[in-house]
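Enquirer:
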Amino acid sequence: MTNPVESNLANRLQRLWKGTLVVAITASYVLLLAWLLVNSGWREALMALLLIAFALFLRYIANDVDRIGWHLSKQASEGEADEVTSREQTHMYRLLVTLTQFPNLALIGYGYLLGGWRWAAGIAAVLIVIEYFCMRVRKVNRSVAFAQASYGFAESGLLTAGPDSIRGLAETREAELQRKLEALERLEEDGLISRKAYEKARDKLRIRHVMESDRPLRAH
Numbered sequence: 000m001t002n003p004v005e006s007n008l009a010n011r012l013q014r015l016w017k018g019t020l021v022v023a024i025t026a027s028y029v030l031l032l033a034w035l036l037v038n039s040g041w042r043e044a045l046m047a048l049l050l051i052a053f054a055l056f057l058r059y060i061a062n063d064v065d066r067i068g069w070h071l072s073k074q075a076s077e078g079e080a081d082e083v084t085s086r087e088q089t090h091m092y093r094l095l096v097t098l099t100q101f102p103n104l105a106l107i108g109y110g111y112l113l114g115g116w117r118w119a120a121g122i123a124a125v126l127i128v129i130e131y132f133c134m135r136v137r138k139v140n141r142s143v144a145f146a147q148a149s150y151g152f153a154e155s156g157l158l159t160a161g162p163d164s165i166r167g168l169a170e171t172r173e174a175e176l177q178r179k180l181e182a183l184e185r186l187e188e189d190g191l192i193s194r195k196a197y198e199k200a201r202d203k204l205r206i207r208h209v210m211e212s213d214r215p216l217r218a219h
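Taking numbering that gives the first Met the number 0, the leading residue of the sequence shown gets 0, the next gets one more, and so forth.
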């Protein structure tokens, strides 16, 4: 049986890994732009920046669609999901991921115009690495219930809490509640706390969860 402390540490480690991947993606794009700026000029680098910004915009929407799909899959396991809605979500996600590749192909073609096949191959290699990192981020997102990335700093200082914060998502709150309830249940099963203490802590967590779900997070 997994120790609750180990489970919490594993979750934190996954979020740190997500943060590392985000930094790696950002660094890859910055290196690509810097390379174009040094070897070609600021106009060429600006054009590449516009293509990258468009790709990131499409990827942002795709990530949000993926989060919705994750929520639908959890509802499906409880027999509450609409099969048609789930299928539409899957098609929308695949379409957005496909559309994201068009700016990437444009970047490769732009590299070919600037420096031939050598430049095109170099840009393609960087974009392939970025796509791999993005695939890993998607996998980590689902394993941590789409919780925010961690970068090793104090968590309260990373992002300003608000109604659109990932911590304010109903599914994220629900996943956190279930994790805490399971940890309490394991403590009671192992005889580390009494049944009465378990029930008291369980009821307290559920009441707090309902109260926090009924009010939006305030911005700091």
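C-beta atoms are modelled at their ideal positions from N, C-alpha and C, and glycine is treated no differently.
Going by the beta-carbon positions, is the gap between LEU32 and ALA47 smaller than 8 Å?
Expert: Within the sequence shown, the letter at position 33 stands for residue 32. Within the sequence shown, the letter at position 48 stands for residue 47. Yes, they are a contact pair.
Enquirer: Tell me the rounded alpha-carbon separation between VAL96 and LYS203.
Expert: As a first step, residue 96 is located in the sequence shown; it is residue number 97 there, counting from the start. As a first step, residue 203 is located in the sequence shown; it is residue number 204 there, counting from the start. The alpha-carbon atoms of VAL96 and LYS203 are separated by roughly 42 Å.
Enquirer: Name the residue from ALA123, ARG137, ILE51 and TYR109 whose alpha carbon lies nearest to the alpha carbon of THR25.
Expert: Walking along the sequence shown from the start, residue 25 turns up at place 26. Minimum Cα distance to THR25 is reached at ILE51.
Enquirer: Buried or exposed for SER149, please, with buried defined as at least 16 other CB atoms from any protein chain shown within 10 angstroms of its CB.
Expert: On the sequence shown, position 150 is the one that residue 149 refers to. Result: buried.
Enquirer: Report back the beta-carbon spacing between VAL64 and GLN100 to the nearest angstrom; my notes put them in contact at under 8 Å.
Expert: Locating residue 64 in the sequence shown gives position 65, where the first residue counts as 1. Locating residue 100 in the sequence shown gives position 101, where the first residue counts as 1. Not quite, the Cβ-Cβ distance comes to about 16 Å (not below 8 Å), so this is no contact.
Enquirer: Got a sec? Which residues, its chain only, sit under 7 Å from ALA123 by beta carbon, not counting five neighbours each side?
Expert: Working through the sequence shown from its first residue, we reach residue 123 at position 124. Correct list, in chain order: ILE107.
Enquirer: Please report the distance separating the alpha-carbon of VAL83 from that of ALA54.
Expert: Position 84 of the sequence shown holds residue 83. Position 55 of the sequence shown holds residue 54. Roughly 28 Å between the two C-alpha positions.
Enquirer: Using the C-alpha atoms, what's the distance from ILE192 back to ALA61?
Expert: Counted from its first residue, the sequence shown places residue 61 at position 62. Counted from its first residue, the sequence shown places residue 192 at position 193. Going by the C-alpha atoms only, they are around 44 Å apart.
Enquirer: Between the alpha carbons of LEU113 and ALA44, how many angstroms are there, rounded?
Expert: In the sequence shown, counting from the first residue as 1, residue 113 sits at position 114. In the sequence shown, counting from the first residue as 1, residue 44 sits at position 45. Roughly 11 Å between the two C-alpha positions.
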